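Numbering of the sequence shown is given in the numbering used here, commencing with residue 36 and proceeding in unit increments.
Glycine residues also receive a C-beta, built at the ideal position from the N, C-alpha and C atoms.
Computed from a predicted structure; not experimentally measured.
One structure is given below, encoded as structure tokens.
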Amino acid sequence: MKQKFFIPGKLPGANDITKANRSHWSIGSKQKKDVQKLICWHIKKAKLKPMKQIYIKYFWFEPNKKRDLDNITAAQKFINDSLVEMRIIENDGWDFVKGLWHHFEIKKDKESIGVFVELDDEPKSAMAFDYSVEEFFTA
Numbered sequence: 036m037k038q039k040f041f042i043p044g045k046l047p048g049a050n051d052i053t054k055a056n057r058s059h060w061s062i063g064s065k066q067k068k069d070v071q072k073l074i075c076w077h078i079k080k081a082k083l084k085p086m087k088q089i090y091i092k093y094f095w096f097e098p099n100k101k102r103d104l105d106n107i108t109a110a111q112k113f114i115n116d117s118l119v120e121m122r123i124i125e126n127d128g129w130d131f132v133k134g135l136w137h138h139f140e141i142k143k144d145k146e147s148i149g150v151f152v153e154l155d156d157e158p159k160s161a162m163a164f165d166y167s168v169e170e171f172f173t174a
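In structure tokens form, the structure reads like this:
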């Protein structure tokens, strides 16, 4: 079974997360809570069903190349924790999340900036990257 959802806008990157956590523990904690609340809303909106084990594909759409790829992907922790919080998966450990893949693209229009997340329970189809970017924004 495949399930998809889109989170519009730029999520905090590793630099943002580090800065928040170093400024004061409560600022980092508030950032995590606020971001996860947003992600949970989009998961609920997508009406995702619980899954036993998943392979996750992240399609990151950025407005430019200012942020390093590894900086961008730090937000996957917020996404995975939100999947657990919303009970889509029981846990985000190795027994439940079987693989992670990332793809990056530059999109100039503001409506397309964000991350598209695809959950799949089949390893072969999870590894395939046969898609059209437009399909993310037509659902």
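Given residue i, which residues of its chain have a CB within under 6 angstroms of its CB, disregarding the five upstream and five downstream residues?
i, result
"residue 76", "none"
"residue 108", "137"
"residue 133", "88, 90"
"residue 49", "106, 109"
"residue 43", "149"
Give the range of the beta strand (DSSP E) segment to which residue i is assigned.
i, result
"residue 137", "132-141"
In terms of DSSP beta bridges, what is residue i paired with?
i, result
"residue 149", "43, 96"
"residue 37", "155"
Just to confirm my understanding: we take residue i, look at its own chain, exclude 5 residues before and 5 after, and list those with CB closer than 8 angstroms. What are they?
i, result
"residue 242", "Any property of residue 242 remains undetermined from this structure, which presents the chain solely from 36 to 174."
"residue 97", "45, 107, 139, 140, 141, 142, 148"
"residue 78", "40, 117, 118, 121, 123"
"residue 127", "115, 116, 118, 119"
"residue 80", "40"
Suppose you measure from the CA of residue i to the CA of residue j; what does that come to, to the nearest Å?
i, j, result
"residue 106", "residue 158", "26 angstroms"
"residue 103", "residue 125", "31 angstroms"
"residue 155", "residue 37", "5 angstroms"
"residue 61", "residue 135", "29 angstroms"
"residue 129", "residue 82", "24 angstroms"
"residue 177", "residue 115", "The structure shown does not extend to residue 177, since the chain is modelled only from 36 to 174, so the question has no answer here."
"residue 57", "residue 152", "29 angstroms"
"residue 59", "residue 86", "36 angstroms"
For residue i, report the span of its alpha helix (DSSP H) as first-last.
i, result
"residue 123", "Here residue 123 belongs to no alpha helix (DSSP H), and DSSP marks it neither H nor E."
"residue 81", "60-81"
"residue 105", "104-107"
Counting only the same chain and skipping the five closest in sequence on each side, list residues whose C-beta sits under 7 angstroms from that of residue i.
i, result
"residue 113", "46, 67, 70, 71, 74"
- Report yes or no: do three or more beta-carbon pairs, one from the stretch 116-132 and one from the stretch 59-79, lie closer than 8 angstroms? yes
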